[in-house]
(Lines of atoms letter the chains of each structure in order from A and count residues from 1; the text may use other names and numbers.)
(Lines give C-alpha, C1' and ligand atoms only; values in the text may rest on other atoms or scores of the structure.)
Protein backbone atom coordinates (compact mmCIF):
# COMPACT_ATOMS: atom_id res chain seq x y z
CA UNK A 1 0.00 0.00 0.00
CA UNK A 2 1.36 3.40 -1.01
CA UNK A 3 2.05 6.12 1.56
CA UNK A 4 0.55 9.49 0.71
CA UNK A 5 2.72 12.61 0.52
CA UNK A 6 1.74 16.11 -0.58
CA UNK A 7 3.94 18.05 -3.02
CA UNK A 8 3.87 21.68 -4.11
CA UNK A 9 4.80 22.65 -7.67
CA UNK A 10 7.92 24.79 -8.11
CA UNK A 11 8.18 27.33 -10.92
CA UNK A 12 11.31 29.14 -9.79
CA UNK A 13 14.68 27.38 -9.65
CA UNK A 14 16.79 30.33 -8.54
CA UNK A 15 19.26 29.49 -5.80
CA UNK A 16 17.79 32.12 -3.49
CA UNK A 17 14.32 30.62 -3.92
CA UNK A 18 15.57 27.08 -3.26
CA UNK A 19 17.44 28.22 -0.15
CA UNK A 20 14.28 29.95 1.09
CA UNK A 21 12.35 26.70 0.61
CA UNK A 22 14.95 24.75 2.57
CA UNK A 23 15.03 27.26 5.42
CA UNK A 24 11.23 26.95 5.54
CA UNK A 25 11.42 23.20 6.09
CA UNK A 26 10.81 22.01 2.53
CA UNK A 27 12.99 19.92 0.21
CA UNK A 28 13.18 20.80 -3.50
CA UNK A 29 12.77 17.85 -5.84
CA UNK A 30 11.78 16.65 -9.28
CA UNK A 31 9.33 14.02 -10.50
CA UNK A 32 10.10 12.12 -13.70
CA UNK A 33 9.59 8.75 -15.33
CA UNK A 34 8.11 6.94 -18.28
CA UNK A 35 4.97 8.69 -19.45
CA UNK A 36 5.43 11.48 -16.90
CA UNK A 37 6.51 14.99 -17.80
CA UNK A 38 9.30 16.29 -15.59
CA UNK A 39 7.77 18.31 -12.76
CA UNK A 40 9.66 20.43 -10.24
CA UNK A 41 8.18 20.07 -6.75
CA UNK A 42 8.90 20.57 -3.07
CA UNK A 43 7.89 18.35 -0.14
CA UNK A 44 7.86 18.76 3.62
CA UNK A 45 11.24 17.80 5.04
CA UNK A 46 10.09 16.17 8.28
CA UNK A 47 7.26 14.22 6.62
CA UNK A 48 9.55 12.75 3.98
CA UNK A 49 12.28 11.83 6.47
CA UNK A 50 9.72 10.18 8.79
CA UNK A 51 8.22 8.24 5.85
CA UNK A 52 11.61 6.89 4.78
CA UNK A 53 12.60 6.06 8.35
CA UNK A 54 9.35 4.21 9.06
CA UNK A 55 8.78 2.54 5.69
CA UNK A 56 12.27 2.22 4.16
CA UNK A 57 13.74 3.85 1.09
CA UNK A 58 11.93 1.48 -1.31
CA UNK A 59 8.49 2.60 -0.12
CA UNK A 60 5.87 3.39 -2.77
CA UNK A 61 4.73 6.99 -2.32
CA UNK A 62 1.43 8.26 -3.67
CA UNK A 63 2.59 11.80 -4.44
CA UNK A 64 -0.30 14.26 -4.33
CA UNK A 65 1.03 17.01 -6.59
CA UNK A 66 -0.60 20.40 -6.26
CA UNK A 67 -2.96 21.01 -9.20
CA UNK A 68 -2.23 17.59 -10.69
CA UNK A 69 -3.34 13.99 -10.27
CA UNK A 70 -1.67 11.66 -7.78
CA UNK A 71 1.27 9.66 -9.09
CA UNK A 72 2.95 6.58 -7.62
CA UNK A 73 6.66 7.26 -7.15
CA UNK A 74 9.75 5.90 -5.47
CA UNK A 75 12.71 7.83 -4.12
CA UNK A 76 15.29 7.33 -6.87
CA UNK A 77 18.07 9.58 -5.59
CA UNK A 78 18.78 12.29 -3.07
CA UNK A 79 21.56 14.76 -2.29
CA UNK A 80 22.93 15.47 1.17
CA UNK A 81 24.25 18.87 2.28
CA UNK A 82 27.88 18.22 3.19
CA UNK A 83 28.24 20.31 6.35
CA UNK A 84 25.00 19.64 8.23
CA UNK A 85 23.98 16.35 6.62
CA UNK A 86 20.51 17.61 5.66
CA UNK A 87 18.65 16.29 2.61
CA UNK A 88 19.30 18.91 -0.06
CA UNK A 89 17.35 17.64 -3.10
CA UNK A 90 15.27 14.57 -4.00
CA UNK A 91 14.45 12.75 -7.24
CA UNK A 92 11.13 10.92 -7.40
CA UNK A 93 10.71 8.29 -10.13
CA UNK A 94 7.19 7.63 -11.37
CA UNK A 95 6.76 3.85 -11.43
CA UNK A 96 4.61 1.49 -13.45
CA UNK A 97 3.10 -0.75 -10.79
CA UNK A 98 2.82 -3.66 -13.23
CA UNK A 99 6.46 -3.64 -14.38
CA UNK A 100 9.64 -4.81 -12.64
CA UNK A 101 12.21 -2.21 -11.63
CA UNK A 102 15.83 -2.38 -10.50
CA UNK A 103 16.24 -1.88 -6.75
CA UNK A 104 18.76 -2.30 -3.95
CA UNK A 105 17.41 -4.03 -0.85
CA UNK A 106 19.08 -3.72 2.59
CA UNK A 107 20.81 -6.86 3.93
CA UNK A 108 20.49 -7.60 7.65
CA UNK A 109 22.58 -10.21 9.45
CA UNK A 110 20.82 -12.39 12.03
CA UNK A 111 22.36 -14.34 14.87
CA UNK A 112 25.86 -14.48 16.37
CA UNK A 113 28.42 -16.38 14.33
CA UNK A 114 30.07 -19.31 16.11
CA UNK A 115 33.38 -18.09 14.73
CA UNK A 116 32.95 -14.76 16.52
CA UNK A 117 32.35 -16.61 19.79
CA UNK A 118 35.65 -18.40 19.12
CA UNK A 119 37.51 -15.11 18.71
CA UNK A 120 37.03 -14.42 15.00
CA UNK A 121 36.07 -11.05 13.50
CA UNK A 122 32.81 -10.61 11.59
CA UNK A 123 33.00 -8.69 8.32
CA UNK A 124 30.05 -7.60 6.16
CA UNK A 125 31.21 -6.42 2.72
CA UNK A 126 27.67 -6.26 1.27
CA UNK A 127 24.98 -4.10 2.85
CA UNK A 128 22.55 -3.89 -0.10
CA UNK A 129 21.49 -6.57 -2.56
CA UNK A 130 20.69 -5.67 -6.19
CA UNK A 131 17.58 -7.20 -7.68
CA UNK A 132 14.40 -6.77 -9.72
CA UNK A 133 10.76 -6.83 -8.66
CA UNK A 134 7.43 -5.15 -9.20
CA UNK A 135 7.05 -2.11 -6.92
CA UNK A 136 4.54 -3.81 -4.61
CA UNK A 137 6.67 -6.97 -4.31
CA UNK A 138 9.99 -5.43 -3.27
CA UNK A 139 11.11 -7.02 0.04
CA UNK A 140 11.71 -4.57 2.86
CA UNK A 141 15.02 -6.28 3.64
CA UNK A 142 16.92 -9.55 3.16
CA UNK A 143 17.79 -11.42 6.36
CA UNK A 144 20.85 -13.68 6.40
CA UNK A 145 21.43 -16.17 9.26
CA UNK A 146 25.12 -16.20 10.17
CA UNK A 147 24.93 -18.21 13.40
CA UNK A 148 26.64 -21.29 11.90
CA UNK A 149 29.63 -19.46 10.38
CA UNK A 150 32.96 -20.71 11.74
CA UNK A 151 36.28 -18.86 11.53
CA UNK A 152 37.20 -18.74 7.84
CA UNK A 153 33.62 -19.36 6.66
CA UNK A 154 31.67 -16.98 4.46
CA UNK A 155 28.19 -16.64 2.98
CA UNK A 156 27.83 -15.44 -0.60
CA UNK A 157 24.92 -14.36 -2.78
CA UNK A 158 24.86 -17.88 -4.25
CA UNK A 159 24.01 -19.25 -0.78
CA UNK A 160 20.78 -17.26 -0.53
CA UNK A 161 17.49 -19.11 -0.99
CA UNK A 162 15.18 -18.01 -3.79
CA UNK A 163 12.95 -15.12 -2.82
CA UNK A 164 9.40 -15.13 -4.12
CA UNK A 165 8.77 -12.53 -6.85
CA UNK A 166 12.24 -11.05 -6.41
CA UNK A 167 15.00 -11.71 -8.94
CA UNK A 168 18.49 -11.30 -7.51
CA UNK A 169 20.82 -9.64 -10.03
CA UNK A 170 23.85 -9.32 -7.73
CA UNK A 171 26.90 -11.38 -8.78
CA UNK A 172 26.55 -14.80 -7.13
CA UNK A 173 30.20 -14.79 -6.08
CA UNK A 174 29.79 -11.61 -4.03
CA UNK A 175 30.52 -12.16 -0.33
CA UNK A 176 27.78 -10.98 2.01
CA UNK A 177 29.52 -11.80 5.30
CA UNK A 178 32.53 -13.75 6.53
CA UNK A 179 34.38 -14.48 9.75
CA UNK A 180 38.05 -13.54 9.68
CA UNK A 181 40.72 -15.13 11.87
CA UNK A 182 41.62 -13.12 14.98
CA UNK A 183 44.51 -10.75 14.52
CA UNK A 184 47.57 -11.19 16.74
CA UNK A 185 50.48 -8.82 17.12
CA UNK A 186 53.93 -10.31 17.49
CA UNK A 187 55.65 -9.04 20.61
CA UNK A 188 59.22 -7.89 19.93
CA UNK A 189 61.54 -8.22 22.92
CA UNK A 190 63.82 -5.25 23.77
CA UNK A 191 67.04 -5.45 21.77
CA UNK A 192 65.46 -7.77 19.18
CA UNK A 193 64.40 -6.73 15.67
CA UNK A 194 61.23 -7.88 13.92
CA UNK A 195 63.15 -10.62 12.05
CA UNK A 196 64.57 -12.02 15.30
CA UNK A 197 68.13 -10.71 14.98
CA UNK A 198 69.73 -8.86 17.90
CA UNK A 199 70.34 -5.13 17.57
CA UNK A 200 73.92 -4.00 18.31
CA UNK A 201 74.38 -2.27 21.65
CA UNK A 202 75.21 1.43 21.69
CA UNK A 203 78.26 2.64 23.62
CA UNK A 204 78.23 6.37 24.32
CA UNK A 205 75.70 6.78 21.51
CA UNK A 206 77.77 4.78 18.98
CA UNK A 207 77.39 1.31 17.53
CA UNK A 208 79.63 -1.01 19.59
CA UNK A 209 80.36 -3.05 16.43
CA UNK A 210 82.06 0.00 14.98
CA UNK A 211 84.36 0.58 17.95
CA UNK A 212 88.05 0.03 17.25
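Residue numbers (full-length UniProt numbering): 1 to 212.
Where is the CB? At the ideal position from N, CA and C, for every residue including glycine.
When you compare the region 128 to 135 with the region 104 to 112, are there three or more beta-carbon pairs, one atom per stretch, that lie closer than 8 Å?
yes
On the criterion of 16 or more Cβ atoms from any shown chain inside 10 Å, does residue 23 qualify as buried, or is it exposed?
exposed
Taking the alpha-carbon positions, what's the residue 3 to residue 81 distance?
26 Å
Looking only at its chain, what residues have a beta carbon closer than 6 Å to the beta carbon of residue 294, apart from the 5 residues adjacent to it on each side?
Since the first residue shown for the chain is 1 and the last is 212, residue 294 is missing from the structure and cannot be characterised.
Whole angstroms are fine: how far does the CA of residue 19 sit from the CA of residue 83?
15 Å
Assigned exposure category for residue 172 - 16 Cβ within 10 Å defines buried
exposed
Taking the alpha-carbon positions, what's the residue 110 to residue 17 distance?
46 Å
Reduced DSSP secondary structure (H/G/I, E/B, other) of residue 79
strand
What is the rounded straight-line gap between the Cα of residue 179 and the Cα of residue 115?
6 Å
Tell me whether the beta-carbon of residue 87 lies closer than 7 Å to the beta-carbon of residue 27.
yes
Quick one: what does DSSP say residue 38 is sitting in, helix, strand or coil?
strand
Can you list the alpha helix (DSSP H) stretches of 4 or more residues lying completely in the region 69 to 139, in chain order?
114 to 117
Neighbourhood of residue 123 by C-beta distance below 6 Å, restricted to the same chain and skipping five residues each side:
178 and 180
Are residue 33 and residue 41 closer than 7 Å when you measure CB to CB?
no
Return helix, strand or coil for residue 20, following the three-state DSSP convention.
helix
Return yes when the Cβ of residue 95 is within less than 7 Å of the Cβ of residue 135, no when it is not.
yes
In terms of alpha-carbon separation, which member of 149, 60 and 6 lies closest to residue 98?
60
If we ignore side chains and look at the alpha-carbon of each, how far apart do residue 112 and residue 159 end up?
18 Å
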